[in-house]
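Colleague: Top to bottom, those sequences are chains W and G. Residue numbers are given in the numbering used here: position 38 of the first sequence equals residue 95, and the series is strictly consecutive. Residue numbers are given in the numbering used here: position 10 of the second sequence equals residue 48, and the series is strictly consecutive. Take this structure, written in structure tokens, and hold onto it; I'll ask about it next.
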Amino acid sequence: AQTVTQSQPEMSVQEAETVTLSCTYDTSESDYYLFWYKQPPSRQMILVIRQEAYKQQNATENRFSVNFQKAAKSFSLKISDSQLGDAAMYFCAYRSANYGGSQGNLIFGKGTKLSVKP
Amino acid sequence: DGGITQSPKYLFRKEGQNVTLSCEQNLNHDAMYWYRQDPGQGLRLIYYSQIVNDFQKGDIAEGYSVSREKKESFPLTVTSAQKNPTAFYLCASSAGQFKAFFGQGTRLTVV
Chain W
58 AQTVTQSQPE MSVQEAETVT LSCTYDTSES DYYLFWYKQP PSRQMILVIR QEAYKQQNAT
118 ENRFSVNFQK AAKSFSLKIS DSQLGDAAMY FCAYRSANYG GSQGNLIFGK GTKLSVKP
Chain G
39 DGGITQSPKY LFRKEGQNVT LSCEQNLNHD AMYWYRQDPG QGLRLIYYSQ IVNDFQKGDI
99 AEGYSVSREK KESFPLTVTS AQKNPTAFYL CASSAGQFKA FFGQGTRLTV V
């Protein structure tokens, strides 16, 4: 079974600085998707960024980028120029590309709480 | 606007009582999911459905039941067999391998 591990329960960053959130996963599959979701105090889950395992190029969305290391099974999220609105819980998630049965489900890590200091 | 609607936002359950959480989507997605969120636990899968009239147990299905009579709707019933139901419940839907869309959640509290 696949697992997702976020080893940093809490992180803090100064406004305008850069922070990196860590995520590792375990799978025997070669084709899958990885996601970072943000959950602000409103508790609405918001997709931040997505990475297809078959793509070598790291995904980027504005101030958010990932460092995807497939061999190491690592998927870290870098937030540049941190803003107060970035304060939230961040969840790393895995989904198999073999859509069908239980393999279409998202498997989540336990989350990292990010605080942004003004 | 398309999206997922969960209701109610807050729900209180008495001991021994069954309660039903509503989840409706107008995204025309085939797959729908129910997750439970506890502090420090991330999101854990309760049930999922990939087609109407079919659903499967997730990792923590005991004490819960679901139905999928319509594509748009996937209600979750928390039964009296669920001994620790106080949690935040999230419903999601997806189309194939694309991203999942989440509802705004229901906070269930046992009183």
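Glycine included, C-beta positions come from ideal geometry on N, C-alpha and C.
With DSSP run on the structure shown, which of helix, strand or coil describes W:D88?
Modeller: Counting from one through the first sequence, the residue named residue 88 of chain W turns up at place 31. Looking at W:D88 - three-state DSSP - the assignment turns out to be coil, as it is neither helix nor strand.
Colleague: Would you identify the three-state DSSP class for G:L65, choosing helix, strand or coil?
Modeller: To locate residue 65 of chain G, count along the second sequence from 1; it is residue 27. G:L65: coil per DSSP, three-state reduction.
Colleague: Taking G:E107 as the reference, give the member of G:G40, G:S87 and G:Q79 with the closest Cα.
Modeller: Position 69 of the second sequence, counting from 1, holds the residue named residue 107 of chain G. It is G:S87 whose Cα lies nearest to the Cα of G:E107.
Colleague: Relative to the C-alpha of G:A119, which residue among G:I42, G:I98 and G:E110 is closest?
Modeller: Here residue 119 of chain G corresponds to residue number 81 of the second sequence, with the count starting at 1. For G:A119, the nearest C-alpha among the options comes from G:I98.
Colleague: Can you pull out the residues from the segment 112-140 of chain G whose beta carbon lies closer than 8 angstroms to at least one beta carbon of chain W?
Modeller: F126, L128, A130, S132, G134, Q135, K137, A138 and F140
Colleague: Drop a sphere of 10 angstroms on the beta-carbon of G:N64, count the other beta-carbons inside from all chains shown, and report buried for 16 or more, exposed for fewer.
Modeller: Within the second sequence, the letter at position 26 stands for residue 64 of chain G. G:N64 is exposed by the Cβ-count criterion.
Colleague: Mark G:L146 as exposed unless 16 or more other C-beta atoms lie within 10 angstroms of its C-beta, in which case mark it buried.
Modeller: Sequence index remark: in the second sequence, residue 146 of chain G carries index 108 (1-based). Flag for G:L146 reads buried.
Colleague: So which residues of chain G does W:K167 contact, with C-beta pairs closer than 8 angstroms?
Modeller: On the first sequence, position 110 is the one that residue 167 of chain W refers to. Correct list: G78, Q79 and G80.
Colleague: Using the C-alpha atoms, what's the distance from W:E86 back to W:Y111?
Modeller: Here residue 111 of chain W refers to the residue found at position 54 when the first sequence is read from its first residue. Here residue 86 of chain W refers to the residue found at position 29 when the first sequence is read from its first residue. Roughly 11 angstroms separates the two Cα atoms.
Colleague: List the endpoints of the continuous beta strand (DSSP E) containing W:K135.
Modeller: For this step, residue 135 of chain W is matched to residue 78 along the first sequence. It spans S131 to I136 - the beta strand (DSSP E) in which W:K135 sits, taken as one unbroken run.
Colleague: Which residue's Cα is closest to the Cα of G:D76: W:W93, W:Y94, W:R100 and W:F92?
Modeller: If you number the second sequence from 1, residue 76 of chain G lands on position 38. Of the candidates W:W93, W:Y94, W:R100 and W:F92, the one whose C-alpha sits nearest the C-alpha of G:D76 is W:R100.
Colleague: List, in chain order, every chain G residue whose beta-carbon is nearer than 7 angstroms to that of W:M102.
Modeller: Position 45 of the first sequence, counting from 1, holds the residue named residue 102 of chain W. Result: L128 and F140.
Colleague: What is the DSSP secondary structure of G:D97, counted as helix, strand or coil?
Modeller: Indexing the second sequence from 1 puts residue 97 of chain G at position 59. Of the three classes helix, strand and coil, the one that applies to G:D97 here is coil, per DSSP.
Colleague: Quick one: Cα of G:S60 to Cα of G:A125, how far?
Modeller: By one-based count along the second sequence, residue 60 of chain G stands at place 22. By one-based count along the second sequence, residue 125 of chain G stands at place 87. When rounded, the distance between both Cα atoms is 15 angstroms.
Colleague: Determine whether the Cβ of G:G143 lies closer than 8 angstroms to any Cβ atom of chain W.
Modeller: Here residue 143 of chain G refers to the residue found at position 105 when the second sequence is read from its first residue. It does; some Cβ of chain W falls within 8 angstroms.
Colleague: Contact criterion: CB-CB distance below 8 angstroms. Does W:L163 meet it with respect to chain G?
Modeller: Stepping through the first sequence from its first residue, residue 163 of chain W is reached at position 106. Yes, its Cβ sits closer than 8 angstroms to a Cβ of chain G.
Colleague: Between which two residues does the beta strand (DSSP E) carrying G:C129 extend?
Modeller: For this step, residue 129 of chain G is matched to residue 91 along the second sequence. Segment A125 to S132, the beta strand (DSSP E) holding G:C129.
Colleague: Hey, is the segment 91-109 of chain W in contact with the segment 140-157 of chain W, meaning 3+ C-beta pairs nearer than 8 angstroms?
Modeller: Judged by Cβ distances under 8 angstroms, the segment 91-109 of chain W makes contact with the segment 140-157 of chain W, as three or more pairs qualify.
Colleague: So, with DSSP's three-state summary, where would you put W:L163?
Modeller: Counting from one through the first sequence, the residue named residue 163 of chain W turns up at place 106. Of the three classes helix, strand and coil, the one that applies to W:L163 here is coil, per DSSP.
Colleague: With burial defined as no fewer than 16 other Cβ atoms inside 10 Å of the residue's Cβ, what is the status of W:P66: buried or exposed?
Modeller: Counting from 1 along the first sequence, the entry for residue 66 of chain W is found at position 9. So W:P66 ends up on the exposed side.
Colleague: Where G:A138 and W:I164 are concerned, what is the direct C-alpha to C-alpha distance, given to the nearest angstrom?
Modeller: On the second sequence, position 100 is the one that residue 138 of chain G refers to. On the first sequence, position 107 is the one that residue 164 of chain W refers to. Those two C-alpha atoms are separated by around 12 angstroms.
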